[in-house]
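*Asks:*
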Amino acid sequence: MRDIFERITENKGPLGKWASQAEGYFVFPKLEGPISNRMKFQGKEVITWSINDYLGLANLPEIKKVDGEAALKYGAAFPMGARMMSGHTEDHEELERQLAEFVHKESAYLLNFGYQGILSAIDALVSKDDIIVYDVDSHACIIDGVRLHMGKRFTFKHNDIESLEKNLTRATKMAEQTGGGILVISEGVFGMRGEQGKLKEIVALKKKFNFRLMVDDAHGFGTLGKTGAGAGEEQGVQDDIDVYFATFAKSMAGIGAFLAADKEIIDYLKYNLRSQMFAKSLPMIYVKGALKRLDMLRTMPELKTKLWENVNALQNGLKERGFDIGNTSSCVTPVYLSGSVPEAMALVRDLRENYGIFCSIVVYPVIPKGMILLRMIPTTSHTMEDIKVTLNAFSAIRERLENGTYKRLSAAVIAAMGE
Ligand SMILES: Cc1ncc(COP(=O)(O)O)c(C=O)c1O
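All letters in the sequence shown, in the order written, are residues 1 to 419 by the numbering used here.
1. Tell me the start and end of each unbroken beta strand (DSSP E) in the segment 85-129 that is at least 3 residues and wholly inside, in chain order.
2. Excluding sequence positions up to five away, which residues of its chain have a Cβ less than 6 Å from the Cβ of Thr89?
3. Considering only DSSP beta bridges, list what Met371 is partnered with.
4. Using a 10 Å radius around the Cβ and a threshold of 16 neighbouring Cβ atoms, would you call Arg298 buried or exposed?
5. Using only the alpha-carbon positions, how far apart do Leu31 and Phe41 sit?
6. If you measure from the CB of Phe113, is any heavy atom of ligand 1 nearer than 7 Å?
7. Ignore the nearest five residues each way along the sequence and tell me which others in Ser395's own chain have a CB closer than 8 Å to its CB.
8. Would a C-beta distance cut-off of 8 Å place Ala108 and Leu273 closer than the cut-off?
9. For ligand 1, is there a heavy atom less than 7 Å away from the beta-carbon of Glu187?
10. Ignoring anything shorter than 3 residues or poking outside the segment 174-239, list the beta strand (DSSP E) runs there in chain order.
11. Do the segment 268-285 and the segment 21-40 touch if we need at least three Cβ pairs shorter than 8 Å?
12. Would you mind stating whether Lys407 and Glu353 have Cβ atoms separated by less than 8 Å?
13. So, for Ile387: in the same chain, excluding its five sequence neighbours on each side, which residues have a beta-carbon less than 7 Å away from its beta-carbon?
14. For Thr333, which beta-bridge partners are listed by DSSP?
15. Do Gly222 and Tyr54 count as a contact pair if the criterion is CB distance below 8 Å?
16. With distances taken between CB atoms, is the gap from Lys208 to Asp240 smaller than 8 Å?
17. Candidates Leu409, Gly191, Thr155, Gly232: which alpha carbon is nearest Ser360's?
18. Start and end of the beta strand (DSSP E) containing Tyr25?
19. Using the C-alpha atoms, what's the distance from Tyr355 back to Phe5?
20. Given this structure, state the Cα-to-Cα distance separating Arg147 from Cys141, to the nearest angstrom.
21. Should Ile202 and Leu259 be called a contact, given that it needs their Cβ atoms to be closer than 8 Å?
22. Bridge partners for Thr155 per DSSP, in chain order?
23. Taking 7 Å as the line, does the beta carbon of Ile118 fall inside it for any heavy atom of ligand 1?
24. Please confirm whether any heavy atom of ligand 1 lies closer than 7 Å to the CB of Asp216.
25. So Leu337 packs on Leu374, CB below 8 Å; how close in whole Å?
26. Using 8 Å as the threshold, is the C-beta distance between Met214 and Val243 below it?
27. So what's Asp324 in DSSP terms, helix, strand or just coil?
28. What three-state label does DSSP hand Glu419 in the structure shown?
29. Which residues in the same chain as Val133 place their Cβ atom closer than 8 Å to its Cβ, once the five residues preceding and following it in sequence are excluded?
30. Measure the beta-carbon distance from Ala245 to Ala121 and round it to whole angstroms, keeping in mind my assumption that it falls under 8 Å.
31. For the beta strand (DSSP E) that contains Arg38, what are its first and last residues?
32. DSSP three-state call for Val243: helix, strand or coil?
33. Taking Gly424 as the reference, give the member of Glu69, Leu347, Met1 with the closest Cα.
34. Going by beta-carbon coordinates alone, are Leu57 and Arg349 separated by less than 8 Å?
35. Quick check on Glu234: buried or exposed, where buried means 16 or more other Cβ atoms within 10 Å of its Cβ?
36. Since Gly194 and Glu187 should fall inside the 8 Å C-beta cutoff, what is the C-beta to C-beta distance between them, to a whole number of angstroms?
Rendered as structure tokens:
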């Protein structure tokens with residue numbers, strides 16, 4: 001018999017195996033100073049392109065005032081206990097009413113964390129006879145939620161409606177045998193590559209197939225749609241999303257999340273969502289803070305206007321300079337380059353150390369071998385100067401990538417990281 005600790009210390013997992021080379025720099029970096037367009041990394045100022053504070057709310061004095069006042073009044077704990085038992089307040093209900101209204105749904109229910117909330121929602125919505133059909137590139141929380149499902153599941157090719165249709169045909173045949181139904185899950189915006197889920201096309205399939213649609217709109221909420229209600233509103237199909245999800249971790253610059261749907265569905269979830277039934281309720285600091293943030297989303301459309309000025313300036317600037325930014329149709333801005341993992345590391349080090357630019361990097365095995373993805377998140381707090389500096393830096397690093405500088409440097413980089 002084996003000791004499980006022996007196994008996990010021998011094999012640290014697909015990301016953990018890079019820890020000794022990457023930790024503190026490429027992973028678990030410490031960004032310091034107030035959350036903004038410019039923060040400190042290892043003592044130096046960097047332009048930060050890796051923070052999902054889309055509307056620049058995180059550090060606004062009026063937001064911090066509300067957070068601080070709530071902390072003073074309630075402490076970090078209130079209310080204690082799960083919503084169902086002792087952790088319920090008028091403010092939780094008020095926030096739910098306002099969130100539902102904001103995303104044009106009848107009712108909403110708060111979640112402590114989006115991740116657990118989605119897991120639990122998938123678990124609560126389907127029985128073993130039901131079939132889940134979901135996009136193969138879904139966020140980990142959807143994948144893990146589907147793992148809880150005791151029945152059949154099918155993936156469809158990323159954002160591929162033909163593949164979805166094929167899988168809906170299979171799922172329909174299967175559901176006829178099991179007597180169950182079908183849940184389709186997509187994201188409103190795919191957070192890595194920035195493409196919106198093809199919600200309009202998915203919804204159109206409702207004419208042909210019988211299914212319910214759940215949408216994780218973590219990146220769309222607050223950034224897309226006329227009123228900021230997200231990808232469904234942007235594509236004119238918000239009413240056809242049966243279960244809408246968004247987190248407070250991005251546009252709302254907080255913690256927490258919510259589900260929104262018809263009242264009878266939310267009423268069901270309130271009594272069946274294990275992540276909320278068996279966990280302490282969202283603390284008042286976050287509830288009061290979310291009420292304030294939501295009020296700003298609603299009453300200050302200029303925040304979203306400025307965000308999109310920045311998004312357009314960055315994305316158009318990159319395109320004009322010939323960069324491949326894929327098919328993004330959201331604020332998420334990917335830049336695809338070709339190179340090995342060591343080259344990518346040398347490039348990122350160059351960007352941070354010599355150009356003062358901090359952005360996330362994604363490499364194999366998350367994306368195909370030989371590809372480098374620099375993922376940028378423009379926000380309302382970025383300036384045109386930030387964008388200009390960044391575009392110039394990107395042109396410079398592309399030249400160095402293409403002339404082999406990073407190939408030569410990468411051996412030295414690996415040696416330095418091993419120190
Ligand atoms: C697409 C998507 N879904 C869900 C989540 C999880 O939300 P939370 O951070 O509230 O757990 C995230 C990350 O924040 C996300 O990007």
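Even glycine gets a Cβ: it sits at the ideal position worked out from N, Cα and C.
*Replies:* According to the data block:
1. Annotation: the segment 85-129 contains the following complete segments of the beta strand (DSSP E) (minimum length 3 residues), in chain order: 107-111.
2. Position 89 of the sequence shown holds residue 89. If we look at Thr89 and ignore the five residues flanking it on each side, its Cβ neighbours are Pro79.
3. Walking along the sequence shown from the start, residue 371 turns up at place 371. Answer is Ser338, bridged to Met371.
4. On the sequence shown, position 298 is the one that residue 298 refers to. Arg298 is exposed by the Cβ-count criterion.
5. Taking the first residue of the sequence shown as position 1, residue 31 is located at position 31. Taking the first residue of the sequence shown as position 1, residue 41 is located at position 41. Using only the alpha carbons, I get a separation of about 5 Å.
6. Residue 113 sits at position 113 when you count from the first residue of the sequence shown. Yes; taking the cut-off as 7 Å, the Cβ of Phe113 has a heavy atom of ligand 1 nearer than that.
7. Looking up residue 395 in the sequence shown gives position 395. Spatial neighbours of Ser395 in its own chain (CB-CB distance under 8 Å, excluding positions within 5 residues in sequence) are listed in chain order as Arg321.
8. Walking along the sequence shown from the start, residue 108 turns up at place 108. Walking along the sequence shown from the start, residue 273 turns up at place 273. No, Cβ-Cβ distance for Ala108 and Leu273 is not below 8 Å.
9. Position 187 of the sequence shown, counted from the first residue, corresponds to residue 187. Yes; taking the cut-off as 7 Å, the Cβ of Glu187 has a heavy atom of ligand 1 nearer than that.
10. 182-187, 212-216
11. no
12. Stepping through the sequence shown from its first residue, residue 407 is reached at position 407. Stepping through the sequence shown from its first residue, residue 353 is reached at position 353. Not a contact, by the Cβ cut-off of 8 Å.
13. Translated into the one-based positions of the sequence shown, residue 387 becomes position 387. The answer, listed in chain order, is Asn310, Ala313, Leu314, Gly317.
14. Residue 333 sits at position 333 when you count from the first residue of the sequence shown. DSSP, once it has assigned bridges, lists Met376 as partnering Thr333.
15. Position 54 of the sequence shown, counted from the start, is the residue given in the question as residue 54. Position 222 of the sequence shown, counted from the start, is the residue given in the question as residue 222. Yes. Within cutoff.
16. Walking along the sequence shown from the start, residue 208 turns up at place 208. Walking along the sequence shown from the start, residue 240 turns up at place 240. Result no, Cβ atoms of Lys208 and Asp240 do not sit closer than 8 Å.
17. As a position in the sequence shown, residue 360 is number 360, starting the count at 1. If we check each option's Cα against that of Ser360, Gly191 comes out closest.
18. If you number the sequence shown from 1, residue 25 lands on position 25. No residue range can be given for Tyr25, since it is assigned to no beta strand (DSSP E) and is classified by DSSP as neither H nor E.
19. Position 5 of the sequence shown, counting from 1, holds the residue named residue 5. Position 355 of the sequence shown, counting from 1, holds the residue named residue 355. Going by the C-alpha atoms only, they are around 42 Å apart.
20. As a working mapping, residue 147 is identified with position 147 in the sequence shown. As a working mapping, residue 141 is identified with position 141 in the sequence shown. Approximately 10 Å between the Cα atoms of the pair.
21. Taking the first residue of the sequence shown as 1, we reach residue 202 at position 202. Taking the first residue of the sequence shown as 1, we reach residue 259 at position 259. It is not a contact, given that the beta carbons lie outside the stated cut-off.
22. Counting from one through the sequence shown, the residue named residue 155 turns up at place 155. Answer is Tyr134, bridged to Thr155.
23. Locating residue 118 in the sequence shown gives position 118, counting from the first residue. Because some heavy atom of ligand 1 lies under 7 Å away, the Cβ of Ile118 counts as near it: yes.
24. Taking the first residue of the sequence shown as 1, we reach residue 216 at position 216. Short note on Asp216: C-beta closer than 7 Å to some heavy atom of ligand 1.
25. Indexing the sequence shown from 1 puts residue 337 at position 337. Indexing the sequence shown from 1 puts residue 374 at position 374. 7 Å between Cβ atoms; contact.
26. Position 214 of the sequence shown, counted from the start, is the residue given in the question as residue 214. Position 243 of the sequence shown, counted from the start, is the residue given in the question as residue 243. Yes, the pair counts as a contact, with Cβ atoms nearer than the cut-off.
27. One-based indexing of the sequence shown puts residue 324 at position 324. Three-state result, Asp324: strand.
28. Numbered from its first residue, the sequence shown carries residue 419 at position 419. Only weak support exists for where Glu419 lies, its pLDDT of 43 falling under 50; the value from the coordinates is given anyway. DSSP places Glu419 in coil when its eight states are reduced to three.
29. For the purposes of this step, residue 133 is taken as the residue at position 133 of the sequence shown. Closer than 8 Å at the Cβ level, and outside the excluded window around Val133, lie Arg153, Phe154, Thr155, Phe156, Leu164, Asn167, Leu168, Ala171, Ile182, Leu183, Val184, Ile185, Phe211.
30. Position 245 of the sequence shown holds residue 245. Position 121 of the sequence shown holds residue 121. Checking the sequence, you will find Phe at residue 245 rather than Ala. Indeed, because the Cβ distance is near 7 Å, the residues count as touching under 8 Å.
31. Taking the first residue of the sequence shown as 1, we reach residue 38 at position 38. Here the beta strand (DSSP E) through Arg38 covers 38-41.
32. The count along the sequence shown starts at 1 and reaches residue 243 at position 243. If DSSP states are grouped into helix, strand and coil, Val243 belongs with the strands.
33. Outside the displayed span of the chain (1 to 419) sits residue 424, for which this structure offers no information.
34. For the purposes of this step, residue 57 is taken as residue 57 along the sequence shown, with counting starting at 1. For the purposes of this step, residue 349 is taken as residue 349 along the sequence shown, with counting starting at 1. Going by C-beta atoms, Leu57 is not nearer than 8 Å to Arg349.
35. Along the sequence shown, read from residue 1 onward, the residue named residue 234 stands at position 234. Buried, because 16 or more other Cβ atoms sit within 10 Å of the Cβ of Glu234.
36. Taking the sequence shown and counting its residues from 1, one reaches residue 194 at position 194. Taking the sequence shown and counting its residues from 1, one reaches residue 187 at position 187. No, Gly194 and Glu187 are not in contact; Cβ-Cβ is about 11 Å, not under 8 Å.
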